[in-house]
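> Numbering (the working numbering), first residue to last: 2 to 440. Backbone N, C-alpha and C fix where the C-beta goes; we use that ideal spot for every residue, glycine too.
#1: Under three-state DSSP, which class holds residue 283?
#2: Where does the unbroken alpha helix (DSSP H) through residue 432 begin, and where does it stop?
#3: Out of curiosity, what's the CA-to-CA distance linking residue 430 and residue 251?
#4: How big is the Cα-Cα spacing for residue 412 and residue 292?
#5: Relative to the C-alpha of residue 372, which residue among 61, 393, 65 is closest?
#6: In terms of residue numbering, what span does the alpha helix (DSSP H) encompassing residue 520 cover?
#7: Give the DSSP-derived three-state secondary structure of residue 439 in the structure shown.
#8: Buried or exposed for residue 42, going by 16 or more other Cβ atoms inside 10 Å?
#9: Measuring straight from C-alpha to C-alpha, what distance separates residue 422 and residue 34?
#10: So residue 110 packs on residue 101, CB below 8 Å; how close in whole Å?
#11: Mind checking residue 435: buried by the 16 CB within 10 Å criterion, or exposed?
#12: Could you have a look at residue 36 and say whether DSSP puts it in helix, strand or coil?
#13: Output yes or no for whether 9 Å exceeds the beta carbon distance between residue 162 and residue 45.
#14: Which value, in whole angstroms, describes the spacing of the CA atoms of residue 332 and residue 83?
#15: Go through its chain and collect everything with a Cβ distance to residue 118's Cβ below 6 Å, but skip five positions before and after it.
#16: Which class does residue 91 belong to by DSSP, given the choice of helix, strand or coil?
#17: For the putative contact between residue 322 and residue 287, defined by C-beta atoms under 8 Å, what is the C-beta separation to the nearest angstrom?
#18: Figure out for me which residue from 130, 124, 158 has the closest Cα to the Cα of residue 144.
#19: Helix, strand or coil for residue 227? Go by DSSP, reduced to three states.
#20: Are residue 183 and residue 374 close, meaning C-beta to C-beta below 9 Å?
#21: If I measure Cβ to Cβ from residue 347 and keep anything under 7 Å in the same chain, skipping five residues before and after, which residues do I get?
#22: For the alpha helix (DSSP H) that contains residue 195, what are its first and last residues?
#23: Just the Cα atoms here: how many angstroms apart are residue 192 and residue 359?
#24: Are the stretch 308 to 321 and the stretch 169 to 178 touching, with three or more C-beta to C-beta distances below 8 Å?
#25: Please name the residue in 343, 271, 135, 401 whose C-alpha comes closest to that of residue 418.
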């Protein structure tokens, strides 16, 4: 009886959030799956929120980089953090897809990937407390590789599970609410770091913090396992290498998909510019921990405010969301270059840096929500799995190549790099405009 009341409560909350009136809203998923949409909707939100908070607590650009420096790991190992974390989860996805396709129930692939991420992140926390120097550095890098590969399992399977359990016109707002709720928790982390006394920030504190981040993935796995998923098609799960080569033909034969991959590559500019906003701020404001807290808060508020709006817009046209969001990021980048180069009185205003990061956070949230919703809605079944795997593998290669752009910092200024990336963003807006609507 209690369970029945709880499910009825979820249905009411789901109807309230989504303004549910259309009886045909489930036309792209099975009738059986439609009955469980409200409960699955909230289970996915909770699990996504937990993993996003874990990502914030184990961010390689901030927390892990600081941790590696604290344990005196070699500088060359620190430079591997971001490329491994980002591209490592994407490059093997074209092979992972062959394994995923063999599974009629793909939520368990996500659960396994999430548990492996717990093992990796918890291990990083333990290694930081137990070792120093190159030993600690290499252990952290090895565990980060396992973590990144595990993310690949979750990335391929999660989009397919959502495609089977959530109607097309509700996926954008689901992602929007997940991002907004996690943004609230990230905001709390930023406030905590601002208020934390400097003398309390020992290696044990950061080690336990990262271990706790790992625990969040176990909780997420427990929640995700409760999703009601019905078996799907399992064709095409043969030899991984042959299947991978066959899938790459999508880039040659599927023009809309090829154009999406090109657009997504150019949309990376919104993510790649973020560290250089931090670098510019450090050069003018210093490297105190409260500054890191300000940037975390700015990013958290940006997610809270913008993600639900972007999500609702993405349900109408994810293509339009990508265009608007990357235009905001690009115009902001060009404006920051002008300010840094020619308007010194604005350059000296301390508030301008977290405010600019706040605007960038809004834009990047839109880019992420737009392109994730777009690729889920492009196709169904195993074709969706192929799209996700191929596009992520290609983006992994692009990330490795563009990751070397940080070397340009010794040739041109950080604001110059922001300008270059912003121009790529404008090209991404133009390319996205040529994509067909899929909603």
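Taking the coordinates as given:
#1: Helix at residue 283.
#2: Boundaries of the alpha helix (DSSP H) harbouring residue 432: 415 to 434, taken from the DSSP string.
#3: Roughly 23 Å separates the two Cα atoms.
#4: About 26 Å.
#5: When each option's Cα is compared against that of residue 372, the closest is 393.
#6: Lying outside 2 to 440, the shown extent of the chain, residue 520 is not represented and no answer is given.
#7: Note: residue 439 maps to coil in three-state DSSP.
#8: Residue environment: residue 42 is assigned as buried (16 or more neighbouring CB atoms within 10 Å of its CB, all protein chains considered).
#9: Distance between the alpha carbons of residue 422 and residue 34: 42 Å.
#10: Right, their Cβ atoms sit about 6 Å apart.
#11: Exposed is the label assigned to residue 435, since fewer than 16 other Cβ atoms lie within 10 Å of its Cβ.
#12: Reduced to three states, the DSSP call for residue 36 is coil.
#13: Residue 45 sits close to residue 162, with the two beta carbons spaced by under 9 Å.
#14: Between residue 332 and residue 83, the C-alpha separation is close to 25 Å.
#15: Counting only residues of its own chain and dropping the five nearest sequence neighbours on each side, residue 118 has a CB closer than 6 Å to the CB of 148, 151, 218.
#16: If DSSP states are grouped into helix, strand and coil, residue 91 belongs with coil.
#17: Residue 322 to residue 287, Cβ: 36 Å. No contact.
#18: The shortest Cα separation from residue 144 among 130, 124, 158 belongs to 124.
#19: Coil at residue 227, not helix or strand.
#20: Their beta carbons are not under 9 Å apart, which means residue 183 does not touch residue 374 by this criterion.
#21: Within the same chain, residue 347 has close Cβ partners 340, 353.
#22: Residues 172 to 196.
#23: When rounded, the distance between both Cα atoms is 15 Å.
#24: Judged by Cβ distances under 8 Å, the stretch 308 to 321 makes contact with the stretch 169 to 178, as three or more pairs qualify.
#25: The option with the nearest alpha carbon to residue 418 is 271.
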